[in-house]
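Let me begin by presenting the structure, written as structure tokens, before commenting on it.
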């Protein structure tokens, strides 16, 4: 059953002049009830609320990560929450969800209120007709050029010969003011700027102000595809805001024009009198920056209340009730941990993105901050909170937390702030490589904050885009496509195979494939092998640090306990590996000195990787193919397999070596091909430059290696600070368990201090 509802407080008048039957409007909301749009669902719930005796607000919404469209939303009692004194935390609500057919269906409902309900129809007298709004003089001047294009008839019934409404300059005052047509779905504009000016004019004539709300970008080129203009009282970030649901959304058409595709004209507050603003501003200042930069906008515009363009607070996807809970948690942690760091982005008095990291995470970054994963996998589905993590890989190849964040939105400014804050918190540690999503905003932020760092795209996002853009292709294409990506050994081979694939299946016009080819150095294994990623497999989805314990669906009341539990569990796993590394011995499987050297230095996990490469080297044959001076080149191939072969180049001057498989460059552990050459050259120990300090079991040895291997003084000092801080914290933890241990710890530190001064 589909309900056709009408705006709250308005009785729909059909062409015959008869009032439509109120049968549908008297209906009780129930699970399964269908609507043509979410606006109709809101109108229906508003009429029901008016009849029962309460008011409603538009509550939380969820968006699709595929195209950014709203997939479900809640309409709640106006007394829901506790942000204002008048609210009582009322639980009454309905939630509607969009189905594949485009209909909206009630899938959740709560009818019980925790407060008294008013009389039916109280303060809600029906309005049979609304007077057309009038354009104020100052904005008639702004809109004096023909701008707004109508798809059908003008509201007063007269047709426009050209389809264009001309706004002419009019004198202030009197009854001769020209009415401005009300916005409606299907209204077209030449530019987004024209739509903004039109909606601002309409708002001023009706009696409210406008803010520029959320925008959506194309995943292909980063251009803006749609944006919202909202009532200034939308949201709750400021005491003057009441969560008003009125808005107008415009969407860019293929022709380049913009069309109103979503609209809500209902406000949950009193409207003021028609106002006239005498602001003077130039034509250039009125234009959206996106029009000046071909859609690659990175900031929003604010209200022009002083004649100047002011940057406004961008819309935040973080619920306002999260901030006080998190700040209380941060202050508690900071009292317990002197190394705890947190920062909140504030824009025009409103809290936005949040970042935090405890002392252990900051210490871990000084050891393992060379490779960083920004996990924003909350975006895979609808989410309650935009929770993201910075994750590294420790010397046991375990994930280690390097910081946590709530991301207000996915703009370049937001990610730039996030990276800059992380950089500051981590004592200016610069990662060599970053694994993150391929969104244009993230790419630009990484380039700005971490120039020189190699950005590798997240596998989950590539897989999702492949399913979206290549799902109509035959199975044969998929096989050839993956063979091209994962089996190409040279750039020439990859380029040849790719072009052949594009031509064979007539895909030259596929913009997504062209974009991915242009960015091939950020996702194709062939191009990534020469960059250090601590051995994190290419083409595989990286496991979330918190797993299912904490994610984008975790509710506020459970977030902090789950966060603490998940973090402690990961760190307990790390402590177990530390204990095993220092108290157990790995078994040697050869009698070679090179194996014994690595057994003493590497952690269990890394030694097993090295040992496997050493054992595999016995299955290979090395043949010298070139020699000139101190340079030798070898062809190393597997016995019985002519296709498994690699070239190894060795220099006797500084004992440097490189292999075409590039395992050391990618993982930091020498490969079987190099180990075969070392055996031929009778090298009994690995040169020091091929033993990465990050894989060692001994932190003190890492300090010495760092000092000898060209690490900057700033990075070395940061590591020493966090290493000493972590050691001191362990003394404090152990020393406070009893009076005897306190005396012992104090004595040890006092005696040690005498040697320092």
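In this note's numbering, the protein residues as written are -10 to 746. Quick reminder that beta carbons are idealized off the backbone N, C-alpha and C, glycines included. Computed from a predicted model, the values in this text were never measured in an experiment.
Could you give the DSSP three-state label for residue i: helix, strand or coil?
i, result
"residue 94", "strand"
"residue 488", "helix"
"residue 282", "Its pLDDT being 35, under 50, residue 282 is placed unreliably by the model, and the measurement read from it follows with that caveat. Residue state, collapsed to three classes: coil."
"residue 381", "strand"
"residue 652", "helix"
"residue 539", "coil"
"residue 501", "helix"
"residue 558", "helix"
"residue 634", "strand"
"residue 728", "helix"
"residue 577", "coil"
"residue 374", "coil"
"residue 214", "strand"
"residue 667", "helix"
"residue 687", "coil"
"residue 364", "strand"
"residue 103", "coil"
"residue 146", "The predicted model places residue 146 with a pLDDT of 37, which falls under 50 and marks its position as unreliable; any figure quoted below should be read in that light. Reduced to three states, the DSSP call for residue 146 is coil."
"residue 597", "helix"
"residue 643", "coil"
Measure the Cβ-Cβ separation of residue i and residue j and say whether it is below 9 angstroms.
i, j, result
"residue 331", "residue 715", "no"
"residue 445", "residue 490", "no"
"residue 97", "residue 308", "no"
"residue 637", "residue 611", "yes"
"residue 579", "residue 604", "yes"
"residue 684", "residue 384", "yes"
"residue 554", "residue 542", "no"
"residue 95", "residue 20", "yes"
"residue 52", "residue 398", "no"
"residue 422", "residue 373", "no"
"residue 533", "residue 447", "no"
"residue 206", "residue 428", "yes"
"residue 67", "residue 87", "no"
"residue 358", "residue 391", "yes"
"residue 602", "residue 661", "yes"
"residue 218", "residue 261", "no"
"residue 356", "residue 563", "no"
"residue 415", "residue 454", "no"
"residue 574", "residue 584", "no"
Using a 10 Å radius around the Cβ and a threshold of 16 neighbouring Cβ atoms, would you call residue i buried or exposed?
i, result
"residue 582", "exposed"
"residue 131", "Residue confidence is low: residue 131 scores 34 on pLDDT, short of 50, so the model does not pin down where it sits. Its coordinate-derived value is still stated next. Buried is the call here."
"residue 734", "buried"
"residue 546", "exposed"
"residue 29", "buried"
"residue 615", "exposed"
"residue 213", "buried"
"residue 147", "Annotation note: pLDDT 38 at residue 147 (below 50); position unreliable, coordinate value reported separately. When all chains shown are included, residue 147 counts as exposed."
"residue 620", "exposed"
"residue 231", "buried"
"residue 737", "exposed"
"residue 435", "buried"
"residue 568", "exposed"
"residue 717", "exposed"
"residue 203", "buried"
"residue 430", "buried"
"residue 418", "buried"
"residue 320", "exposed"
"residue 725", "exposed"
Given residue i, which residues of its chain have a CB within under 8 angstroms of its CB, disregarding the five upstream and five downstream residues?
i, result
"residue 762", "Because the chain in this structure spans residues -10 to 746, residue 762 falls outside the shown range and cannot be described."
"residue 172", "187, 188, 191, 237, 249, 252 and 254"
"residue 728", "none"
Excluding the 5 residues flanking residue i on each side, which residues of the same chain have their C-beta closer than 6 angstroms to its C-beta?
i, result
"residue 333", "340 and 343"
"residue 468", "none"
"residue 741", "none"
"residue 681", "657"
"residue 229", "none"
For residue i, collect the residues of the same chain with a Cβ closer than 7 angstroms to its Cβ; drop the 5 residues on either side in sequence, then sort them by chain order.
i, result
"residue 317", "none"
"residue 624", "612, 614, 634 and 636"
"residue 732", "none"
"residue 377", "363, 364, 365, 367, 394 and 396"
(message) My parser needs the alpha helix (DSSP H) runs of 4 or more residues fully inside the segment 398 to 453; what are they?
(response) 401 to 414 and 429 to 438
(request) With a floor of 3 residues, list each beta strand (DSSP E) that falls wholly inside the segment 311 to 354, ordered by position along the chain. (result) 330 to 336 and 339 to 346
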